[in-house]
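Q:
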């Protein structure tokens with residue numbers, strides 16, 4: 002029988018713990034109006050969840066200096082924080098699953114392309130910050146998903162081998178990143194269909210459907 006304290010669960014943020022997709026769309030749209038690039042829902046679908054180093058060259062249609070990417074990213078994320086502050090709600094199952102996993106002994110981390118200020122705001126408003134031993138955010142990584150950098154760094158900081166980790170994701174690139182890092186993936190259909198996420202070891206419509214025993218079962222496979 003596996004002991005949970007030998008294992009880790011690494012959570013993506015947007016689409017897994019909260020659904021701030023609309024706030025990100027509105028922030029990109031406002032930023033576009035400020036700096037002069039057109040922004041549509043179709044464009045948003047293509048870039049959401051990617052690293053800013055990838056996003057802004059796509060939006061502008063040409064390479065940008067790192068300083069300009071950082072400036073644009075900081076402004077966009079400031080808009081996001083203004084939009085969500087005081088309005089953060091957890092996705093179904095989050096408020097019970099995360100405490101249950103820690104109580105069972107699992108090590109927990111956040112692995113996201115979201116800036117640390119956003120992560121701290123969201124987890125703080127939800128009362129979940131103390132359950133996570135490690136946060137890996139945009140400031141820590143240079144390569145976006147499906148590159149596994151964000152999850153490998155989380156596992157390293159937790160001191161848990163990648164093979165002993167389950168990643169919770171809502172995006173196809175996130176599932177790929179988990180597998181590219183030698184980890185199992187549990188996918189939530191917040192923003193994508195079951196078919197699109199079918200390469201994950203487990204696909205659920207809500208985190209209400211799973212508990213600590215389900216994560217142990219994934220690791221036993």
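In this note's numbering, the protein residues as written are 2 to 222. Built from N, CA and C at the ideal position, the CB exists for glycine as well.
#1: Output the distance between the C-alpha atoms of residue 177 and residue 199, rounded to the nearest integer angstrom.
#2: Residues in its own chain within less than 6 Å of residue 123 by CB, not counting five upstream and five downstream?
#3: Taking Cβ positions, are residue 189 and residue 10 nearer each other than 8 Å?
#4: Would the region 76 to 85 count as touching the region 105 to 121 if we require 3 or more Cβ pairs under 8 Å?
#5: Can you give me the C-alpha to C-alpha distance between residue 102 and residue 171, rounded to a whole angstrom?
#6: Is the beta carbon of residue 58 less than 8 Å from the beta carbon of residue 64?
#7: Excluding the 5 residues flanking residue 15 on each side, which residues of the same chain have their C-beta closer than 6 Å to its C-beta?
#8: Going along the chain, which unbroken runs of the beta strand (DSSP E) with 3 or more residues stay wholly within the region 118 to 148?
#9: Taking Cβ to Cβ, would you say residue 187 is nearer than 8 Å to residue 92?
#10: Taking 8 Å as the threshold (beta carbon to beta carbon), is residue 118 in contact with chain C?
#11: Are residue 12 and residue 111 closer than 8 Å when you measure CB to CB?
#12: Which of the three DSSP states, helix, strand or coil, is assigned to residue 219?
#13: If you run the structure through DSSP and keep just helix, strand and coil, what is residue 169?
#14: So, with DSSP's three-state summary, where would you put residue 102?
#15: Between the alpha carbons of residue 193 and residue 173, how many angstroms are there, rounded?
#16: So, using beta-carbon positions, are residue 106 and residue 179 closer together than 8 Å?
#17: What number of angstroms, rounded off, separates the C-alpha of residue 7 from the C-alpha of residue 137?
A: Working from what's here:
#1: For this step, residue 177 is matched to residue 176 along the chain shown. For this step, residue 199 is matched to residue 198 along the chain shown. Roughly 11 Å separates the two Cα atoms.
#2: The residue labelled residue 123 in the question sits at position 122 within the chain shown. If we look at residue 123 and ignore the five residues flanking it on each side, its Cβ neighbours are 19, 89.
#3: Within the chain shown, residue 189 is the residue found at index 188, counting from 1. Within the chain shown, residue 10 is the residue found at index 9, counting from 1. No. Outside cutoff.
#4: yes
#5: On the chain shown, residue 102 is found 101 positions in, with the first residue counted as 1. On the chain shown, residue 171 is found 170 positions in, with the first residue counted as 1. Their Cα atoms are separated by approximately 19 Å.
#6: Walking along the chain shown from the start, residue 58 turns up at place 57. Walking along the chain shown from the start, residue 64 turns up at place 63. Closer than 8 Å, so yes.
#7: For the purposes of this step, residue 15 is taken as the residue at position 14 of the chain shown. Counting only Cβ-Cβ distances below 6 Å, and skipping sequence neighbours, we find 21.
#8: 135 to 137
#9: Indexing the chain shown from 1 puts residue 187 at position 186. Indexing the chain shown from 1 puts residue 92 at position 91. No, the Cβ-Cβ distance between residue 187 and residue 92 is not below 8 Å.
#10: Although the question refers to chain C, the structure presented lacks it and comprises just one protein chain.
#11: Position 11 of the chain shown, counted from the start, is the residue given in the question as residue 12. Position 110 of the chain shown, counted from the start, is the residue given in the question as residue 111. In this structure, residue 111 lies closer than 8 Å to residue 12 by Cβ.
#12: On the chain shown, residue 219 is found 218 positions in, with the first residue counted as 1. Three-state DSSP puts residue 219 in a helix.
#13: To locate residue 169, count along the chain shown from 1; it is residue 168. Of the three classes helix, strand and coil, the one that applies to residue 169 here is strand, per DSSP.
#14: For this step, residue 102 is matched to residue 101 along the chain shown. Correct three-state label for residue 102: helix.
#15: Residue 193 sits at position 192 when you count from the first residue of the chain shown. Residue 173 sits at position 172 when you count from the first residue of the chain shown. Rounded to the nearest angstrom, the two C-alpha atoms are 8 Å apart.
#16: Against the chain shown, residue 106 aligns to sequence position 105. Against the chain shown, residue 179 aligns to sequence position 178. The answer is no: Cβ separation not under 8 Å.
#17: On the chain shown, position 6 is the one that residue 7 refers to. On the chain shown, position 136 is the one that residue 137 refers to. Rounded to whole angstroms, residue 7 to residue 137 spans 20 Å at the Cα level.
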